[in-house]
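Okay, so the sequence shown: first residue is 3 according to this note's numbering, each after it adds one. Cβ coordinates follow ideal geometry from the N, Cα and C atoms, glycine included. Single-structure report; data block below.
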Amino acid sequence: MRLFTASLATESNSFSPIPTDRRSFEECVYFRPGEHPDRPTHSTASLWVARNRAAQEGFELIEGSCFWAEPSAPVVQADYESMRDEILAQLEAALPVDGVLLGLHGAMLAQGCDDCEGELIERVRELVGPAAVIGVAFDPHCHLTEKRVRNANVIILFKEYPHTDFVERAEELVSLVTRTIRGEIHPVMSLYDCRMDDLFPTTREPARSFVAKMKVHEARPEMLSVSLAHGFTQGDVADQGVRVLVVTDDAKAKGDALALELGDEVRARRGTWRPPHLSIDEAIDQAYAAQAGPVVVADPSDNAGGGAASDNTNVLKRLLERGCGDAAIGPFWDPFAVAICHTREIGSTFPLRFGGKASIASGMPVDAEVTLI
């Protein structure tokens, strides 16, 4: 058995002012064959798991390049194409293979492509032919397009948000792909479009129970995998949205029925999945009224982990206007302010303008007398 594995991943925010080019990947994960360390990362867990399983089970693993960039704006088209084509050339050189394992994110956009993962999977299929098995791992904040389902044999999504289960899901993917190659199972996929947006933090109800329900269904005969694609609302593409994916062992009708059942449940509970969103003043009022602390107040729209600039000053300005004390706030992405701070001594006090620089969504800069600690 010969398997090829590679990774090309980022989460693209259509509204981000932060550009994404090759340097963005080089600053994060940029491993050529033979350079990947002996530890898993978000999108390279499939390679790491497959490497360990190959040593245990004796199959041959050909490792391709692995690229990952932190979330930001759609990728420069030429850089996306260059990394994509590098992986495809490595795969072509490795042919023939029995299977391909791809560690992707699922919400990657380029300046000229709204479905980077779908395009990559399609080109992989063109290279390996219809008989090879293609397995793909996605982050749940993905755009689960029909093109991807049509060209892959098995797609697995992380179930947890925060994403604590990426190694577990990689183990699942490698098992399903190798079992398929051995002829033990014949996976088919059923996709249901819930036609909605929402947020599904799986550490709290009702999403916690929904994850448990998916796992119960996976224990049923003929059910191989059940996933919920949360979607990524900051990706402004036609295929954005919540979807249910069911993988069965040659039981398409049962998979379709389960995807419909779970999808209808998701739709019926629309609006209950996400925690309540408050105005800035409402959040401040609740925080200072709490009997115990510290209380964490989060601005999810300015989340650097979702591609935002993380330099919005509106919460800080309101705290200052209201005279609130005993509070810590951050992080602020402001390289220029950081450079100024590096020229000062610890403990010194000086005027500093910071935040509010990246775009109109950043608010206005704050001018303050600050102390470096």
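Whole-angstrom distance between residue j and residue i, CA atom to CA atom
i: Thr-7; j: Asn-153; result: 16 Å
i: Gly-349; j: Ile-375; result: 5 Å
i: Thr-46; j: Arg-271; result: 34 Å
i: Trp-335; j: Ala-80; result: 27 Å
i: Glu-284; j: Gly-273; result: 20 Å
i: Glu-347; j: Thr-373; result: 10 Å
i: Arg-4; j: Val-102; result: 9 Å
i: Arg-25; j: Ser-14; result: 15 Å
i: Asp-87; j: Gly-120; result: 14 Å
i: Ala-231; j: His-145; result: 8 Å
i: Leu-106; j: Phe-140; result: 5 Å
i: Asp-304; j: Asp-238; result: 17 Å
i: Pro-19; j: Thr-315; result: 16 Å
i: Thr-43; j: Gly-257; result: 31 Å
i: Ala-300; j: Ile-89; result: 38 Å
i: Ala-389; j: Ser-227; result: Here the chain covers residues 3 to 375 and nothing more, so residue 389 does not appear.
i: Cys-343; j: Gly-295; result: 30 Å
i: Arg-320; j: Pro-21; result: 29 Å
i: Gln-242; j: Val-169; result: 25 Å
i: Asp-100; j: Glu-173; result: 18 Å
i: Pro-223; j: Lys-217; result: 13 Å
i: Pro-277; j: Ala-209; result: 11 Å
i: Gly-36; j: Gly-131; result: 26 Å
i: Leu-260; j: Phe-212; result: 13 Å
i: Ile-362; j: Leu-354; result: 20 Å
i: Gly-327; j: Leu-111; result: 42 Å
i: Asp-23; j: Ala-292; result: 44 Å
i: Ala-402; j: Gly-308; result: Not covered by the structure: residue 402. The range shown for the chain is 3 to 375.
i: Ala-109; j: Lys-254; result: 26 Å
i: Asp-252; j: Ser-48; result: 24 Å
i: Ala-133; j: Pro-39; result: 31 Å
i: Glu-371; j: Tyr-290; result: 24 Å
i: Glu-29; j: Ser-9; result: 16 Å
i: Pro-142; j: Thr-345; result: 42 Å
i: Gly-325; j: Gly-265; result: 47 Å
i: Glu-207; j: Ser-16; result: 29 Å
i: Phe-33; j: Phe-69; result: 7 Å
i: Gly-114; j: Phe-352; result: 45 Å
i: Val-138; j: Ser-177; result: 12 Å
i: Val-135; j: Ala-56; result: 16 Å
i: Thr-235; j: Ala-310; result: 13 Å
i: Pro-333; j: Phe-356; result: 11 Å
i: Gly-60; j: Ser-364; result: 53 Å
is_contact[residue i, chain C] using C-beta, thresh 8 Å
i: Asp-252; result: Structure shown: chain C not included; a single protein chain is present.
Collapsed DSSP secondary structure at residue i in the structure displayed
i: Ala-335; result: For the record, residue 335 in the displayed sequence is Trp; it is not Ala. Reduced to three states, the DSSP call for Trp-335 is coil.
i: Gly-66; result: strand
i: Ala-80; result: helix
i: Glu-267; result: helix
i: Val-368; result: strand
i: Met-191; result: strand
i: Ser-74; result: strand
i: Leu-374; result: coil
i: Arg-86; result: helix
i: Arg-197; result: coil
i: Thr-182; result: helix
i: Arg-55; result: helix
Neighbour-count burial assignment, residue i, 16 or more Cβ in a 10 Å radius
i: Glu-65; result: buried
i: Ala-339; result: buried
i: Asp-117; result: buried
i: Ala-91; result: exposed
i: Ala-11; result: buried
i: His-279; result: exposed
i: Ala-240; result: exposed
i: Met-366; result: exposed
i: Ser-84; result: exposed
i: Ala-341; result: exposed
i: Leu-175; result: buried
i: Arg-171; result: buried
i: Gly-358; result: buried
i: Ser-67; result: buried
i: Pro-98; result: exposed
Residue i: CB within 7 Å of a non-hydrogen atom of the ligand ATP
i: Ala-310; result: Summarising the ligand content, the structure contains no ligands, and the ligand ATP is consequently not present.
Secondary structure, beta strand (DSSP E): runs of 3+ residues fully inside the segment 7 to 52: With a minimum length of 3 residues, the continuous beta strand (DSSP E) runs that stay inside the segment 7 to 52 are 31 to 33.
The segment 197 to 204 touching the segment 158 to 172, judged by at least three CB pairs closer than 8 Å: As far as the Cβ criterion goes, the segment 197 to 204 touches the segment 158 to 172, which means the pair count is three or higher.
Does the count of Cβ pairs from the segment 184 to 201 and the segment 247 to 261 closer than 8 Å reach three? Taking a contact to require three or more Cβ pairs closer than 8 Å, the segment 184 to 201 and the segment 247 to 261 qualify as touching.
Those runs of the beta strand (DSSP E) which lie wholly inside the segment 286 to 323 and span at least 3 residues: Annotation: the segment 286 to 323 contains no complete segment of the beta strand (DSSP E) (minimum length 3 residues).
Touch check for the segment 107 to 126 and the segment 174 to 188: three-plus C-beta pairs under 8 Å? At 8 Å Cβ cutoff, the stretches do not touch.
Tell me the start and end of each unbroken beta strand (DSSP E) in the segment 93 to 170 that is at least 3 residues and wholly inside, in chain order. Within the segment 93 to 170, the complete beta strand (DSSP E) runs of at least 3 residues are 101 to 105, 135 to 140, 156 to 159.
Can you list, in chain order, the stretches of the alpha helix (DSSP H) that have 4 or more residues and sit fully within the segment 201 to 282? The segment 201 to 282 contains these whole alpha helix (DSSP H) runs: 209 to 220, 254 to 270.
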